[in-house]
Structure formats: structure tokens, C-alpha cells
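Novice: Chains as they are written, first to last, in this note's numbering: chain A, 946 to 1161; chain B, 2 to 285.
Note that CB positions come from ideal geometry on N, CA and C, so glycine has one too.
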């Protein structure tokens, strides 16, 4: 609660706040899902619902991230609209919400995240930064975390259909997703440890001339 | 990779799908490579920018030193003028009006008073000249165009070369302190032409283009190119050029030294952006 309030009232950290809340929400969903599977109750609908919540948080995150980049903002809006459309089609129109993992929506979501991460990296490479390098910002590590997580779990989510069949793919998925989660959490922790205020103490270039010599 | 092989070979997890593990590993490697590329790229760019900033700071220091040196030279000259010229003149006047003055006969008194008056007049003229060299009254009262024309008139009177100036769009004056700085830059440029170029004429024009005052100076002597100008400003010598640069920085102006298309003239172009309240609406 304390952290939630801190990020809520700290406007400069609102992008971090979104990811922090997403992490808390995903943790709650993981506990719920674990408890359901322990009681042999299907958690498919919970996992399918989580996708929509995740998409909503990531949509806000990318909008904050690309606050000044109109093109990236449009891509974000179109991309996430597409994910929601695919999710609605698969789960509501086809009615798969309760009986099948929605791997298609997940794959589409991951592709959109890939594209947005690449857009962010392109923005970094093309932008002239005269204050701090991009890797000294929290955004960079948050994006790195997202990219690594999506990259490592992309194939496993794509082929996943039902956790009930303990196929070799399902077991592989479990291992890969655990490792990817650890990796993602480490990178998110790095992002949270970066002090954004430190970056403001940059050397500013001032004009000095005969006309202000007297002041020194 | 070793972890993946271990997982694939271990009895416990024999069921792992090798295609899936290898595919995911490939994706992780790709993402890591991308992140590392960005980190190293940023490091390189930042190091390069820091080097540029350091060079710029050193250059600034050099300009500042040149400015201080110029200021000190100006003060020394002023002190010398007052000490060597005004001091002896006033001391001589004092001699004429000494304690014996009242004991003198009327004719000698008149003679002494006349001489003292002459000396005081000379001192007033001298102080006026010093004051004018610090702030030309023509510039203060009539603006840059008149001051430059006045300056060029003096050069023409010397008979060494022909100098003329045309101010086409200078309807709205720059702020007084900015105008003085620009005038000093023009003076320094003309001094350099007189000292080093062996030119037979100087032609200066002024135009306003999109809220910028453009000053162009042509001469037919031996001039500088932009590369030479930049090289001189980075060397220990070239105090005058460093002062031009530091003064232009105060005005946020640019300077460009180039050889004219005709290859027989040299051209110096100065661009000064007008500030708020200095806008010349007729130039738009």
C-alpha cells in the first residue's frame, strides 16, 4: 500500500508505478491460479482474463513511454486494439474463455510488445541524448525486461493449448516461463533501483564571456 | 546453453521438448544481443559526446582567457592614457596655478591663467577621446549604421584604403549593449583587414532576413577561410579572432569566413538573431 501511494503521488514515476501495479496484480493472479490448480479446479478462465488486465496495464505503460512520439502512440493504440479484438473473437464470440488457453491472443500481444520495444530502441538510437545514456534510465530496463520475457516465452505460449495434457511441451513451458520470470524480475528490480533524480545533476553548458567575468 | 543441455539430458526432465527450448533460447539470445547492442551503442555515443563537451569546455576557457586578457589590455591602456597624458597635463596646470600665483604681476598672472586654461582644455579633450573610445557617441545617439559610417570615414581620411558601408534594412536598432558588441566585432574585423590583408577596399552591407541581422564584409586583400578562422581560434595566438568569437557568443550570432565566388574577394558574414523587442517587421 505504501509503495502504491508513493507512486500514485509521484507524477514523475507514474510509468514505474504502472509496472509496479502490474507486478502486484500478476502476483495475486499467480497465487489464485496456484490455489485453483491445487484444488484441481481449472484456472484457464483466470489466465485468459489476466491477459486483458495485462494488456490494459501495458497499454498505459507504452502511452506514458511514448508521450512525445505520436507515431509510436498510434502504433500502440492500433496494436492493443488488435489484441483486444482477437481476444474478444477467441473468448467471447468463439466461446473459448472457459475451456482453452488463448494462445493466439497471447502471441498477437507478444508481437505487438516486440514491435513497441523495437520502436523504443529505435527512438533511443536515433535520439541525441546530451544528459545521460539511455541505459541509466528505468524505462530502458523495464523495456529490456518486457522484451526478454516475451522473447523467452514466445514459442512456449504459442504452442500451448491445455495444461491438462502433461506433454513435453507443457513441461518445457513451465521451466522456460519460470526462468523468464526470474530474468524479468531481476531487470525490473534494476529499473526500480535506478535513481532518476541523480540524472538531473548533469553538467550544463553555460556561455562565459567578458561580460560576466565580473560576476566570478 | 549448458543449462539447456543439462535440462534435456537430465533424467528428471527427459520430457522437455528440445525444439521449444532451443527456439526460446535463440529468442533470448536475440533479445540479449539487441539489448547489449543498445547499451554499447549508447556508451560509445555518450563517450563521444563527453569528449566533445570537454573540448567545448576547453575552448570556452580559452575564449574566457582571451576576453580577460582583452579586458586587462583595455584597462592598462586606459590607465596609461590617464597616467601618462592626463596626469602630466593636470600637473603642469597646477604648476601654473601654484602658491606664487597671487604674488605675480598682472601680466604674468594673465599669461599663467591662459596657459593653465589651455592645458585644462587639452585635458578635457583627452578625457573626451578616452570616453569616446570606450563608447562612441555616434553609436549611442544615432545607431550602428552611423557609427560604422563614421568609423569608415576616419579610415578613408587616412587615405590607405577605400571603405564604405550600406545599411539597407537597419530600421529598428538592436539593444544598446548588443549594438555595442556588434560594433566592436565590426571594428575588430576591419582592424584585422587593415593589419593583415593589404586590401585596397572594404565594402560592408547590412540586410535583415527573417529576424536576423546579416552583416557582410567584402575586401580584396588576403583573407581567411572558415577552417583557418576556426584553427586560429583554437591556437594560443589569434586573440582578436577569439574575442570576435566570444563576443558573437554573447549575441548568439554566427560568423562565416569564405572566399567569394569570384575568387578575387574575401567575404565575412555575420548573422545576429534579433531578440524580443528588436524585431524588424518590414523585413518579413
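#1: At the 8 Å Cβ level, is residue 8 (chain B) part of the contact set with chain A, yes or no?
#2: Can you tell me whether residue 210 (chain B) is buried or exposed, with buried defined as 16 or more other CB within 10 angstroms of its CB?
#3: Please list, in chain order, all residues of the same chain as residue 1084 (chain A) whose beta carbon is under 8 Å from its beta carbon, the five residues on each side excluded.
#4: Taking C-beta pairs closer than 7 Å, name the residues in chain A that residue 44 (chain B) reaches, listed in chain order.
#5: DSSP beta-bridge partners for residue 259 (chain B)?
#6: Looking only at C-alpha atoms, which of B:40, B:261, B:22 and B:231 sits nearest to residue 1070 (chain A)?
#7: Spatial neighbours of residue 168 (chain B) within its chain, please: CB distance less than 6 Å, with the 5 preceding and 5 following residues excluded, ordered by chain position.
#8: Quick check on this structure: which residue in B:201, B:98, B:176 and B:235 has the alpha carbon closest to the alpha carbon of residue 274 (chain B)?
#9: Who are the neighbours of residue 1121 (chain A) on chain B, taking C-beta pairs under 8 Å?
#10: How would you list, in chain order, the residues of chain B whose beta-carbon sits under 8 Å from the beta-carbon of residue 1007 (chain A)?
#11: Do the region 1052 to 1066 of chain A and the region 1013 to 1028 of chain A make contact, defined as three or more Cβ pairs closer than 8 Å?
#12: Where are the alpha helix (DSSP H) runs, 4 residues long or more, that stay fully inside the region 1001 to 1070 of chain A, in chain order?
#13: Taking beta-carbon pairs under 7 Å, can you tell me which members of the region 187 to 208 of chain B lie near chain A?
#14: Have a look at residue 996 (chain A) and residue 29 (chain B) and give me their C-alpha separation to the nearest angstrom.
#15: Could you check how far apart the C-beta atoms of residue 271 (chain B) and residue 186 (chain B) are, in whole angstroms? I think they sit under 8 Å.
#16: Given residue 1107 (chain A), which residues of its chain have a CB within under 6 Å of its CB, disregarding the five upstream and five downstream residues?
#17: Any contact between the region 75 to 91 of chain B and the region 255 to 262 of chain B? By contact I mean 3 or more CB pairs, one from each, below 8 Å.
#18: Considering only residues of the region 148 to 222 of chain B, which uninterrupted beta strand (DSSP E) runs meet the minimum length of 3 residues and lie entirely inside it, listed in chain order?
#19: For residue 131 (chain B) versus residue 94 (chain B), is the C-beta spacing smaller than 8 Å?
#20: Applying a beta-carbon distance threshold of less than 9 Å, which residues of chain B neighbour residue 1069 (chain A)?
#21: Using the beta-carbon of each residue, which ones in chain A are nearer than 7 Å to residue 47 (chain B)?
#22: Using a C-beta cutoff of 8 Å, does residue 1092 (chain A) count as contacting chain B?
#23: Shorter than 8 Å from the beta carbon of residue 1097 (chain A) to some beta carbon of chain B?
#24: With a cut-off of 8 Å, do at least 3 Cβ pairs link the region 93 to 111 of chain B to the region 61 to 75 of chain B?
#25: On the CB-based measure, 16 or more other CB atoms within 10 Å of its CB, does residue 1039 (chain A) come out buried or exposed?
#26: Taking only runs that begin and end inside the region 6 to 84 of chain B, name each unbroken alpha helix (DSSP H) of 4 or more residues, in chain order.
#27: Going by the CB atoms, is the gap between residue 200 (chain B) and residue 170 (chain B) shorter than 8 Å?
#28: Report yes or no: is there a C-beta of chain A within less than 8 Å of the C-beta of residue 140 (chain B)?
#29: What residues match up with residue 273 (chain B) in a beta bridge as DSSP calls it?
#30: Could you name the residues of chain A that residue 135 (chain B) contacts, counting a contact when the two beta carbons are closer than 9 Å?
#31: Helix, strand or coil for residue 139 (chain B) per DSSP?
#32: Tell me the DSSP secondary structure of residue 98 (chain B) in three-state form.
#33: Assign residue 223 (chain B) to one of two classes, buried (16 or more other C-beta atoms within 10 Å of its C-beta) or exposed (fewer than that).
#34: Please indicate yes or no: does the CB of residue 1046 (chain A) lie closer than 7 Å to some heavy atom of the ligand MG?
#35: Verify the CB distance criterion: does residue 972 (chain A) have a CB-CB separation below 8 Å to chain B?
#36: Any beta carbon of chain A sitting closer than 8 Å to that of residue 35 (chain B)?
Specialist: Judging by the given coordinates:
#1: What you label residue 8 (chain B) is simply residue 7 of the second chain in a count that begins at 1. Below a pLDDT of 50, predicted positions are generally treated as unreliable, and residue 8 (chain B), at 45, falls in that range; no measurement from the model is reported.
#2: Residue numbering aside, residue 210 (chain B) sits at position 209 when the second chain is read from its first letter. Flag for residue 210 (chain B) reads exposed.
#3: Mapped onto the first chain, residue 1084 (chain A) falls at position 139. The residues are 960, 1010, 1065 and 1136.
#4: Taking the second chain and counting its residues from 1, the one referred to as residue 44 (chain B) is at position 43. Correct list: 1078.
#5: Locating residue 259 (chain B) in the second chain gives position 258, where the first residue counts as 1. According to DSSP, residue 259 (chain B) bridges with B:268.
#6: In the first chain, residue 1070 (chain A) corresponds to position 125, counting from 1. Nearest to residue 1070 (chain A) by C-alpha distance, out of B:40, B:261, B:22 and B:231, is B:40.
#7: Looking up residue 168 (chain B) in the second chain gives position 167. Taken in chain order, the residues that qualify are 146 and 207.
#8: In the second chain, the residue the question calls residue 274 (chain B) occupies position 273. The option with the nearest alpha carbon to residue 274 (chain B) is B:176.
#9: Position 176 of the first chain, counted from the first residue, corresponds to residue 1121 (chain A). The contacting residues are 21, 22 and 25.
#10: As a working note, residue 1007 (chain A) is residue 62 in the first chain. Going along chain B, no residue has its Cβ under 8 Å from residue 1007 (chain A), so there is no contact; the nearest lies around 17 Å.
#11: Touching, yes.
#12: Those alpha helix (DSSP H) runs which fall completely within the region 1001 to 1070 of chain A and span 4+ residues are 1015 to 1032.
#13: none
#14: Walking along the first chain from the start, residue 996 (chain A) turns up at place 51. Walking along the second chain from the start, residue 29 (chain B) turns up at place 28. In this structure, the alpha-carbon of residue 996 (chain A) lies about 22 Å from that of residue 29 (chain B).
#15: Numbered from 1 along the second chain, position 270 holds the residue referred to as residue 271 (chain B). Numbered from 1 along the second chain, position 185 holds the residue referred to as residue 186 (chain B). Indeed, because the Cβ distance is near 7 Å, the residues count as touching under 8 Å.
#16: Position 162 of the first chain holds residue 1107 (chain A). Bear in mind that a pLDDT of 49 at residue 1107 (chain A), under 50, signals an unreliable position, so the model cannot answer this.
#17: As far as the Cβ criterion goes, the region 75 to 91 of chain B does not touch the region 255 to 262 of chain B, which means the pair count is below three.
#18: 163 to 168, 202 to 209 and 213 to 220
#19: Counting from 1 along the second chain, the entry for residue 131 (chain B) is found at position 130. Counting from 1 along the second chain, the entry for residue 94 (chain B) is found at position 93. No, Cβ-Cβ distance for residue 131 (chain B) and residue 94 (chain B) is not below 8 Å.
#20: Along the first chain, one-based indexing puts residue 1069 (chain A) at 124. At a beta-carbon threshold of 9 Å, the residues of chain B lying near residue 1069 (chain A) are 39, 42 and 43, ordered along the chain.
#21: Taking the second chain and counting its residues from 1, one reaches residue 47 (chain B) at position 46. Chain A residues near residue 47 (chain B): 1078.
#22: Within the first chain, numbered from 1, the residue matching residue 1092 (chain A) stands at position 147. Answer yes: the Cβ-Cβ gap between residue 1092 (chain A) and chain B drops below 8 Å somewhere.
#23: Your numbering for residue 1097 (chain A) matches position 152 in the first chain. It does: the Cβ of residue 1097 (chain A) has a partner Cβ on chain B nearer than 8 Å.
#24: no
#25: Position 94 of the first chain holds residue 1039 (chain A). Its Cβ having fewer than 16 others within 10 Å, residue 1039 (chain A) is exposed.
#26: 19 to 81
#27: To locate residue 170 (chain B), count along the second chain from 1; it is residue 169. To locate residue 200 (chain B), count along the second chain from 1; it is residue 199. Result no, Cβ atoms of residue 170 (chain B) and residue 200 (chain B) do not sit closer than 8 Å.
#28: If you number the second chain from 1, residue 140 (chain B) lands on position 139. Not an interface residue.
#29: Numbered from its first residue, the second chain carries residue 273 (chain B) at position 272. In DSSP, residue 273 (chain B) forms a bridge with B:214.
#30: Reading the second chain from its first residue, position 134 is the one you call residue 135 (chain B). Residues of chain A whose Cβ lies closer than 9 Å to the Cβ of residue 135 (chain B) do not exist; the shortest such Cβ separation is about 14 Å.
#31: Along the second chain, one-based indexing puts residue 139 (chain B) at 138. Residue 139 (chain B) falls in the helix class under three-state DSSP.
#32: Position 97 of the second chain, counted from the start, is the residue given in the question as residue 98 (chain B). In this structure, residue 98 (chain B) counts as coil in the three-state DSSP scheme.
#33: One-based indexing of the second chain puts residue 223 (chain B) at position 222. Label assigned to residue 223 (chain B): exposed.
#34: Although the ligand MG was asked about, the structure shown includes no ligands whatsoever.
#35: In the first chain, the residue the question calls residue 972 (chain A) occupies position 27. No Cβ of chain B is located within less than 8 Å of the beta carbon of residue 972 (chain A).
#36: Here residue 35 (chain B) refers to the residue found at position 34 when the second chain is read from its first residue. Yes, residue 35 (chain B) lies at the interface with chain A (some Cβ there is under 8 Å from its Cβ).
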